[in-house]
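Worksheet for the structure shown next.
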Amino acid sequence: MNLKHRGILIIILIAIIGLSLSKTLVHILTEAWWFDTVGFSEVFWARLTWQILAWVVTFVFYTLFLWRNYQIAMHQTRHSSFRLFEDSTLVEDYADKFANFLALALILLIGFGAASASTPMWETILKYLHPTNFSDRDPIFQQDIGFYVFQLPLYQAIWNWLLFAVVWGLIVSFLVYFLKGSFTLRRRNGRNPLNGKVKNHLSLLLAGIAGLIAVDFWLKRYSLLYSTNGIVFGAGYTDVHARLFAYWVTSIIALSVAVLLVLSMRRRSYALPMTGIVLFFIALVLLNGIYPWFVQQFIVEPNELTKEKPYIANNIKFTQNAYHLHDVQRQNYTAVAQLNRQVLQSNQPTIRNIRLWDYRPLLSTYRQIQEIRLYYQFHSVDVDRYTLNGNYQQVMLSGRELAYSQLPSEAKTWVNQRLKYTHGYGLVMSPVNQVTSDGLPELYIKDIPPVSGVDLQVSQPAIYYGEKTDNYIFTGTKTPEFDYPLGNGNAYTTYNGKGGVSIPTIWHRLAYAYDLGSLQILISNYFHQQSRIHYYRLLQERVSHVAPFLHLDRDPYLVLINGRLQWIVDAYTVSDRYPYSQPVVQTQNAAENFQGGNLEQILHSNINYIRNSVKVLLDAYDGTMRFFVVDEADPVLRTYQKIFPHLFVPNSAIPSQVKAHFRYPQDLFKIQAQIYLVYHMNDPEMFYNREDLWRLPIETYQGNEHIMQPYYMIMRLPGAAKEEFIQILPFTPANKDNMIAWMAARSNSKEYGKLLLYEFPKQKLIFGPRQIEARIDQEPQISQQFTLWSQAGSKVIRGDLLVIPIEQSLLYVEPVYLRAEQGELPELKRVIVAYNTAVVMEDTLEKSLAAIFGGVEEQKPVPSPITGEVSNLAKSALATYQKAQEALRQSNWAEYGRYQQELEEILQKLNQGSK
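So the numbering used here is basically just the index in the sequence shown, starting at one, shifted up by 18.
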């Protein structure tokens with residue numbers, strides 16, 4: 019090949035490589051712009067730097083190592099020809115060049131694959147470089163837990179990395195020697211099939227593999243702390259007294275084999291290494307197979323409790339620590355029938371906040387009465403609490419998001435999707451316990467624009483970032499965005515927030531056009547210097563893009579803070595390396611699954627350590643994120659804080675109005691409750707016998723039985739001074755339906771995260787949810803009413819059965835909804851209350867309580883005469899309202915806001931005058 023042709027080939031090769039890399043380079047550029055816009059460039063460059071470093075080091079090492087082994091093999095066989103070309107004219111001219119080309123291509127391919135597989139190691143490396151002690155040691159090797167979480171994973175990764183390289187080096191070398199006929203399976207002329215130098219080369223590579231096998235068995239000692247061979251998860255008697263010894267001996271023998279392989283380089287015989295290899299396999303069978311079996315069969319099983327008792331204690335202690343269950347405050351709960359009208363009256367905040375609206379029928383109701391247009395959708399219903407008009411109360415709310423997929427097909431144009439229909443609008447909020455005369459929820463906040471009936475205003479109702487925002491959009495273009503429907507037309511707006519990445523030049527647009535594969539971005543005339551592109555708008559996708567090492571709760575919830583819609587996303591630090599701690603999946607396999615998803619699906623991994631250490635506040639309008647630290651003691655989070663010192667906001671800097679909306683996350687509570695079904699037993703002997711195994715209660719919804727879900731409520735805990743926002747869940751015995759205990763997770767700031775367990779007397783029957791529902795079914799008047807409704811063409815929906823602890827007594831409440839067979843508008847029609855031996859169903863909760871506990875008839879207030887001042891105020895209010903509506907029709911927002919303020923002041927005066 020002449021110089022000219024070689025130059026052309028090099029240019030073509032460079033062009034091919036450049037095109038293949040251009041997509042990656044452009045994506046890195048747009049990623050850098052995005053991270054800079056959201057304020058987390060440090061995170062991006064730290065991750066990218068270590069990913070590139072891991073990739074480069076791996077690629078260079080693998081390429082050089084494999085190429086060097088190939089060169090050695092070629093050098094040792096330089097006087098031989100490849101068997102494939104023995105009868106070809108290519109032998110003299112092109113055989114070696116062609117072989118070099120194939121070898122180089124294979125080596126580069128292996129190096130590229132290994133390098134790509136190594137990029138996730140950036141996190142493992144950084145955690146190794148920034149470890150944090152747990153201040154607790156494992157009972158077998160006396161290593162701090164941080165060693166297993168932060169350091170051991172890197173040692174295991176390096177072992178895999180080296181073994182992969184040496185094995186490929188052996189394969190490449192073997193292929194060269196085999197193809198060049200350097201050895202056969204039998205002796206030639208009484209000599210060894212391998213010449214000395216070939217034998218030495220292969221012996222060194224085999225010695226490297228043997229040495230790595232020795233290291234592997236040394237590292238496997240620590241894996242015994244995650245053993246599943248014993249009665250519990252973690253090292254048991256057989257692991258400690260048999261397998262640990264076997265690993266030591268096997269490791270020493272493997273190391274001896276490596277030494278013998280090196281020594282055999284000076285000898286013509288293979289006797290020494292072959293003897294070592296035979297001894298290794300004998301040890302593998304005897305020490306790692308037969309010996310542990312013998313110990314388990316003849317020493318452990320006849321005396322299992324005695325032998326395994328200390329290891330069961332280890333499992334209980336470390337599992338409770340890993341899931342933060344070691345400090346559950348346990349109390350006795352007498353569950354006596356001492357409720358009366360006076361007790362209910364003294365617990366009115368609890369009674370007022372009994373949740374009558376189940377989130378499932380409420381979501382259907384919201385969608386029917388408040389979506390307003392086909393392109394809006396309520397994705398889910400969230401539960402929170404606010405102080406409204408001076409009352410601390412529980413509410414349910416949902417954001418009105420834009421569902422572009424629901425637009426008519428004729429309207430699904432590129433301009434509409436990317437430039438016009440950019441955001442949802444507003445929210446709906448209702449109290450958990452109030453119902454209209456039609457059986458619909460009382461709405462505190464409703465309609466478009468949002469109208470508030472409480473002292474909670476919405477100043478920025480647009481939702482650009484949410485649970486349904488799954489496409490990229492542009493703002494600040496030459497065409498205004500659709501804001502909300504208004505009369506016979508629409509209101510339009512122009513985005514003025516700081517969300518999105520600025521695209522002021524054609525070069526920015528070119529980069530995004532290439533990265534997103536959209537020519538319209540480049541050729542559209544709607545863009546100018548103020549245009550911005552918004553992407554990664556889905557809540558969990560957005561948060562994970564900044565912090566992929568945090569595992570996110572499945573239920574982000576919407577809050578209204580200072581007039582702005584904000585999302586709170588609970589984030590977890592997790593690990594699967596906590597010694598002796600029972601993994602979630604194995605615990606679940608021994609119990610029942612939660613409705614709505616298996617426990618391992620909550621976090622998408624088989625974890626055995628979890629902390630809710632971070633809460634992310636994400637603005638629905640501009641997408642800004644703040645990562646607040648809520649558990650400063652978590653060692654895993656402290657390591658991430660060392661790695662990314664400017665990512666997290668310390669607990670002391672969390673605004674009080676934000677902290678007021680923190681709630682204990684439901685996914686975490688589900689995991690802890692599932693673990694606690696078994697691990698409430700602290701005594702190893704009781705644990706071994708499973709004497710007090712619990713399960714989660716069963717309830718019925720729409721004719722099907724489901725595992726009961728934890729639920730939020732405002733109540734006063736026994737002995738507490740005032741009501742607080744908690745999450746509770748009852749427990750039942752493993753094979754019974756009566757209740758055995760209930761657990762509460764506290765959410766108020768000073769007590770946040772504390773778990774309490776209230777245990778019932780074991781000698782007394784306390785009805786569980788399934789038993790109460792059976793009693794409801796057996797009540798003749800109730801069952802007859804259900805049958806009558808069903809025959810009349812309505813569908814009866816029984817909501818969650820709520821167990822309401824009040825002081826030392828239990829009240830059971832179940833709402834009943836009616837829905838037309840062909841309709842999607844459930845209405846709350848009855849409330850069932852069960853207490854002691856009584857079960858009643860009335861129109862309202864108040865009537866049901868009165869039927870059991872008695873009550874005073876409410877006196878209808880006598881209307882007071884309208885004074886002249888009140889009459890004038892009423893007229894003034896009407897006039898101001900009409901002016902505000904006129905300003906609204908003209909899209910004069912300044913005037914509209916001013917009239918709204920005037921109207922509020924007039925109504926306040928009117929309210930004072932009517933008292």
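We put the beta carbon where it would ideally sit given N, CA and C, even for glycine.
- Looking only at M859, Q538 and M731, the smallest Cα-Cα distance to E742 is reached by M731.
- Per DSSP, W585 is one residue of the beta strand (DSSP E) stretching across R582 to S593.
- Under DSSP, the beta-bridge partners assigned to N508 are P503.
- Non-local beta-carbon contacts of D154 in its own chain, meaning distances under 6 Å to residues more than five positions away in sequence, involve I163 in chain order.
- Pairing L126 with V184 gives a Cβ-Cβ distance that is not under 8 Å.
- If you check the CB distance, Y341 and Q690 come in under 8 Å.
- Contact between F100 and A117 holds, since their C-beta atoms are separated by about 6 Å, short of 8 Å.
- With respect to the C-alpha of L636, the residue from W236, Y483 and E923 having the closest C-alpha is Y483.
- Only residues of its own chain outside the window of five on either side were considered, and among them T48, I521, I539 and I551 have a CB closer than 7 Å to the CB of Y530, listed in chain order.
- According to the DSSP assignment, Q395 belongs to the beta strand (DSSP E) that extends over Y394 to F396.
- L188 is positioned such that its CB atom lies no closer than 8 Å to that of A228.
- By the C-beta density criterion, Q356 is exposed, having fewer than 16 other C-beta atoms within 10 angstroms.
- Approximately 22 Å separates the beta-carbon atoms of A565 and F687; this is outside 8 Å, ruling out the contact.
- Between A276 and A232, the gap from beta carbon to beta carbon is short of 8 Å.
- Look at the segment 423-490 and you find these whole runs of beta strand (DSSP E), each 3 residues long or longer: 445-449.
- Contact between the segment 806-813 and the segment 343-353 is absent: fewer than three C-beta pairs spanning the two stretches fall below 8 Å.
- Counted as a single uninterrupted DSSP element, the beta strand (DSSP E) harbouring G417 occupies residues N409 to L420.
- One alpha carbon belongs to Y502, the other to N508, and they sit about 6 Å apart.
- Taken in chain order, the unbroken stretches of alpha helix (DSSP H) that lie wholly in the segment 76-156 and span 4 residues or more are 108-111, 113-136 and 139-147.
- Q347 is bridged by DSSP to L774.
- Here T512 is exposed, its C-beta having fewer than 16 other C-beta atoms within 10 Å.
- L237 and W179 do not touch by the CB rule: their CB atoms are close to 13 Å apart, not below 8 Å.
- In this structure, A589 lies away from K660, with their beta-carbon atoms at least 8 Å apart.
- L820 is bridged by DSSP to V831.
- Secondary structure within the segment 499-579: the alpha helix (DSSP H) runs of 4 or more consecutive residues, fully enclosed, are 524-534, 538-541 and 557-564 (chain order).
- Using a Cβ-Cβ distance cut-off of 8 Å, the segment 289-301 and the segment 313-328 are not in contact, since fewer than three pairs of beta carbons, one from each stretch, lie closer than that value.
- Rounded to the nearest angstrom, the Cβ distance from I800 to M859 is 5 Å, consistent with a contact under 8 Å.
- Spanning the alpha carbons of A289 and E326 requires a straight line of approximately 44 Å.
- For the pair of segments examined, the segment 480-495 was found to touch the segment 436-448: the number of CB pairs separated by less than 8 Å reaches three.
- The DSSP-derived three-state label of I716 is strand.
- In this structure, L305 lies near V267, with their beta-carbon atoms less than 8 Å apart.
- DSSP places M726 outside any alpha helix (DSSP H), giving it a letter other than H or E.
- By the CB criterion at 8 Å, K198 and S136 fall outside the cutoff.
- Contact between V413 and Y490 is absent: CB atoms are separated by about 33 Å, not below the 8 Å threshold.
- Taking the C-beta atoms as reference points, G515 is found no nearer than 8 Å to Y422.
- Rounded to the nearest whole angstrom, the C-alpha separation of K782 and N332 is 33 Å.
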